[in-house]
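Protein chains in written order, with the numbering used here: chain Z, 227 to 380; chain D, 544 to 645.
Comments concern the structure below.
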């Protein structure tokens, strides 16, 4: 698969980076001319995934979160990975309202939100530690995309 | 993130401004609870017109406030949600416990 543009962010699991990550990803995706709703969907999904890393993957000690974004024409691919505690039962974790921390007023809707705001959601183990969240979104309208110094691809 | 409060004719209006996520949730909870502890109102309207962003952490915050008010039988309503907040509310059936009003 040939991406027209890619970027990678690596940052520590501080909660303040939730806002940084979603804004940075949104800023990167703007070059595909998404609608405001599409950008908001992407921001929300990224926020959910990064929040999971901050809260669940690294509950005690801060760790590294990697966010990769690849663009192909009208498609946005996002991969958010951590090297934290991981999830034993991934299918269970995907269920709506499932949370391991009910006492902290958590809704347990993170993966459900990612799933409905994006077109595809795939979860897998990151080797023996951590989780990889892969999401894809197709933008609705075909628009001109400018890359590489003004080449226009339709 | 900022929470503004005013009481008018037995209604407590809470405006949530800025971005509500895991990072700002603690502040939002504390600021809202500070107002909800008072007893000078009979219903609560949460105005989201100034909310720029919210993820599912916001649902946890709202349900937490609902549970506190439920014990005192005080109803709580949502007004002016963004399209994005509306999507999350519908997904989580939040309006079943906190109806939307205009």
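C-beta: ideal position from N, C-alpha, C; glycine also.
Option in the options with minimal Cα separation from residue i
i: residue 561 of chain D; options: D:573, D:545, D:578 and D:583; result: D:545
i: residue 555 of chain D; options: D:600, D:583, D:596 and D:574; result: D:583
i: residue 276 of chain Z; options: Z:259, Z:265 and Z:250; result: Z:250
i: residue 592 of chain D; options: D:612, D:633, D:621 and D:642; result: D:621
i: residue 333 of chain Z; options: Z:320, Z:285, Z:287 and Z:234; result: Z:320
i: residue 234 of chain Z; options: Z:305, Z:342 and Z:354; result: Z:305
i: residue 326 of chain Z; options: Z:283, Z:268, Z:262 and Z:266; result: Z:283
i: residue 265 of chain Z; options: Z:241, Z:300 and Z:231; result: Z:300
i: residue 575 of chain D; options: D:600, D:640 and D:604; result: D:604
i: residue 551 of chain D; options: D:606, D:617, D:588 and D:613; result: D:588
i: residue 600 of chain D; options: D:641, D:572 and D:639; result: D:572
i: residue 606 of chain D; options: Z:335, Z:288 and Z:268; result: Z:335
i: residue 346 of chain Z; options: Z:367, Z:241 and Z:268; result: Z:268
i: residue 367 of chain Z; options: Z:342, Z:229 and Z:263; result: Z:263
Close beta carbons around residue i, own chain, < 6 Å, minus the five adjacent residues each side
i: residue 302 of chain Z; result: 255 and 363
i: residue 307 of chain Z; result: 292, 352 and 358
i: residue 553 of chain D; result: 584 and 585
i: residue 643 of chain D; result: 621
i: residue 232 of chain Z; result: 296
i: residue 337 of chain Z; result: 320
Buried/exposed call for residue i, threshold 16 Cβ in 10 Å
i: residue 328 of chain Z; result: exposed
i: residue 274 of chain Z; result: buried
i: residue 610 of chain D; result: exposed
i: residue 279 of chain Z; result: buried
i: residue 260 of chain Z; result: buried
i: residue 380 of chain Z; result: No answer about residue 380 of chain Z holds up, because its pLDDT of 48 lies below 50 and its placement is not dependable.
i: residue 323 of chain Z; result: exposed
i: residue 330 of chain Z; result: exposed
i: residue 344 of chain Z; result: buried
i: residue 227 of chain Z; result: exposed
i: residue 365 of chain Z; result: buried
i: residue 639 of chain D; result: exposed
i: residue 615 of chain D; result: exposed
i: residue 608 of chain D; result: buried
Beta-carbon proximity list for residue i, same chain, < 7 Å, skipping 5 on both sides
i: residue 602 of chain D; result: 631, 635 and 637
i: residue 645 of chain D; result: 622
i: residue 348 of chain Z; result: 360
i: residue 318 of chain Z; result: 324
Cutoff 8 Å; reference residue i; Cβ partners in own chain excluding five residues on either side
i: residue 350 of chain Z; result: 316, 357, 358 and 360
i: residue 578 of chain D; result: 546, 548, 555 and 557
i: residue 290 of chain Z; result: 236, 237, 238, 239, 308 and 309
i: residue 339 of chain Z; result: 270, 271 and 274
i: residue 355 of chain Z; result: 309, 310, 311 and 312
i: residue 314 of chain Z; result: none
i: residue 590 of chain D; result: 556, 557, 558, 559, 622 and 623
Residues that residue i bridges to, as DSSP identifies them
i: residue 547 of chain D; result: D:558
i: residue 589 of chain D; result: D:557 and D:621
i: residue 364 of chain Z; result: Z:301
i: residue 596 of chain D; result: D:562
Check: residue i C-beta below 6 Å from any heavy atom of the ligand PLP
i: residue 365 of chain Z; result: This structure does not include the ligand PLP; it has no bound ligands of any sort.
**OP:** Mind the definition here: the stretch 240-251 of chain Z touches the stretch 560-573 of chain D only if three or more C-beta pairs lie below 8 Å; say whether that holds.
**Re:** yes
Original post:
Within the chosen definition, does the stretch 287-295 of chain Z reach the stretch 248-267 of chain Z through at least 3 CB pairs nearer than 8 Å?
Top reply: Under the three-pair Cβ rule at 8 Å, the stretch 287-295 of chain Z counts as touching the stretch 248-267 of chain Z.
**OP:** Decide if the stretch 623-636 of chain D is in contact with the stretch 591-603 of chain D; the criterion is three or more beta carbon pairs, one per stretch, under 8 Å apart.
**Re:** The stretch 623-636 of chain D is in contact with the stretch 591-603 of chain D.
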